[in-house]
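To start, the structure under review is shown below, and the notes come after it.
Protein chains: 2
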Amino acid sequence: MLSKKTQYAFRALAHLALNYGKDPVRISSIALQEKIPLKFLENILVELKNADLLESKKGKGGGYSLKISPKKINLATVIRVINGPIALLPCVSLNFYEKCIDCDEKTCGLRKMMIIARDSTLKVLEKKTLNDIISAQG
Amino acid sequence: MLSKKTQYAFRALAHLALNYGKDPVRISSIALQEKIPLKFLENILVELKNADLLESKKGKGGGYSLKISPKKINLATVIRVINGPIALLPCVSLNFYEKCIDCDEKTCGLRKMMIIARDSTLKVLEKKTLNDIISAQG
DNA sequence: TCATTGTCCTACTAAAATAGTAGGAATTAA
DNA sequence: TTAATTCCTACTATTTTAGTAGGACAATGA
Numbered sequence: 033m034l035s036k037k038t039q040y041a042f043r044a045l046a047h048l049a050l051n052y053g054k055d056p057v058r059i060s061s062i063a064l065q066e067k068i069p070l071k072f073l074e075n076i077l078v079e080l081k082n083a084d085l086l087e088s089k090k091g092k093g094g095g096y097s098l099k100i101s102p103k104k105i106n107l108a109t110v111i112r113v114i115n116g117p118i119a120l121l122p123c124v125s126l127n128f129y130e131k132c133i134d135c136d137e138k139t140c141g142l143r144k145m146m147i148i149a150r151d152s153t154l155k156v157l158e159k160k161t162l163n164d165i166i167s168a169q170g
Numbered sequence: 033m034l035s036k037k038t039q040y041a042f043r044a045l046a047h048l049a050l051n052y053g054k055d056p057v058r059i060s061s062i063a064l065q066e067k068i069p070l071k072f073l074e075n076i077l078v079e080l081k082n083a084d085l086l087e088s089k090k091g092k093g094g095g096y097s098l099k100i101s102p103k104k105i106n107l108a109t110v111i112r113v114i115n116g117p118i119a120l121l122p123c124v125s126l127n128f129y130e131k132c133i134d135c136d137e138k139t140c141g142l143r144k145m146m147i148i149a150r151d152s153t154l155k156v157l158e159k160k161t162l163n164d165i166i167s168a169q170g
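Residue numbers (our numbering), protein chains in the order written: chain A, 33 to 170; chain B, 33 to 170.
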């Protein structure tokens, strides 16, 4: 399951996607409208910024905005930045690979199944974008 | 990601699948060969038994065995018993449904994407079985 | 230049989940 | 009736999650 933090991230991103191309949006404004704890949201938005998904402007008239088009930000990317690996086993993760303890990858049958599962999940998460989220709501 | 507990469960089940139709296997024997902490494995096997995947026999000559064919135990079932929900959001889980906070399910775009992702994952996890695991290794 | 508006940074905390351990009770077979 | 084995209850340490607190830093506008 995704953490609440990740759900908050998606909500904030969807909010910003609706404002893509317009003036930056203040954290406090997102927090209020999306009902996300302000200080927690600050942390989240900084992480998304460090991942180059957002850009920010300080001072009066400042705030956050999407750095690239909502059509170019897919769900897998967001999950990886905030939540971590998508695969069900560390030894099967493309972006967060770790060796499983006491398991020979060449012969591990479970691993082979989990690769298939991972690919099936990724096929969706890498295709769907923030734009799909905001298009689907409404 | 699946918990280590779930990985242990899969290893133990694969072990028992290889012994399907034969005499019951002692916990200590599985623990030793699969390198799983004994007492932890006890807990896991009881849970799998309570979920009707295993049956046990006490006393001398006792141990655990699969209650049904390895071909009939799919990966989604095992994950749900030991790890919990497979879906990425509680509001999208088929077996562990919970309402998301501050989210209208009718209009939530994220939810719609997560349903698609869930179905894609489940298609694999419900089709693949213990038998596929042991067939793939070797 | 200086006050105001906003993001950014470091650090702390409470609660929950994970990954076990400990000790013995209950049951069965020989 | 003893030895083997599962089963049950409870405890513990570590890690992760979900925040909070307080102020530093930067940009703007007057």
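C-beta atoms are modelled at their ideal positions from N, C-alpha and C, and glycine is treated no differently.
| Item | Value |
| --- | --- |
| Beta carbons nearer than 8 Å to chain B: which residues of the region 152–170 of chain A have them? | Ser152, Thr153, Lys155, Val156, Leu157, Lys160, Asp164, Ile165, Ile166, Ser167, Ala168, Gln169, Gly170 |
| Suppose you measure from the CA of Ile76 of chain A to the CA of Leu45 of chain A; what does that come to, to the nearest Å? | 10 Å |
| Answer yes or no: do Ala49 of chain A and Ile133 of chain A have a C-beta to C-beta separation smaller than 8 Å? | no |
| Contact defined as beta carbons within less than 8 Å: I believe Met145 of chain B pairs with Leu120 of chain A. What is the distance between those atoms, to the nearest angstrom? | Not a contact, Cβ separation roughly 19 Å. |
| Measuring straight from C-alpha to C-alpha, what distance separates Asp151 of chain A and Glu130 of chain A? | 18 Å |
| At 8 Å on the CB atoms, spell out the chain B contacts of Gln39 of chain A, in chain order. | Leu121, Cys132, Leu142 |
| I need the DSSP call for Tyr52 of chain A, collapsed to helix, strand or coil. | coil |
| According to the neighbour-count rule (16 or more other Cβ atoms, all chains shown, within 10 Å of its Cβ), is Gln65 of chain A buried or exposed? | exposed |
| Figure out for me which residue from A:Cys123, A:Lys138, A:Pro69 has the closest Cα to the Cα of Ser60 of chain A. | A:Pro69 |
| Can you list, in chain order, the stretches of the alpha helix (DSSP H) that have 4 or more residues and sit fully within the region 99–158 of chain B? | 107–114, 141–157 |
| Identify whether Ser60 of chain B lies in helix, strand or coil by the three-state DSSP scheme. | helix |
| In chain order, what residues of the same chain have a beta carbon less than 7 Å from the beta carbon of Asn163 of chain B, not counting five sequence neighbours either side? | Ala49, Pro102, Lys103 |
| Under three-state DSSP, which class holds Ser35 of chain A? | coil |
| Could you spell out the range, first to last residue, of the alpha helix (DSSP H) harbouring Leu86 of chain A? | No alpha helix (DSSP H) holds Leu86 of chain A; the beta strand (DSSP E) holding it covers 86–89. |
| Pop quiz: Lys89 of chain B and Pro56 of chain B are said to be a contact at Cβ under 8 Å. What is the actual Cβ separation, rounded to whole angstroms? | 5 Å |
| Taking all protein chains shown into account, do 16 or more other C-beta atoms lie within 10 angstroms of the C-beta of Ile100 of chain B, making it buried, or fewer, making it exposed? | exposed |
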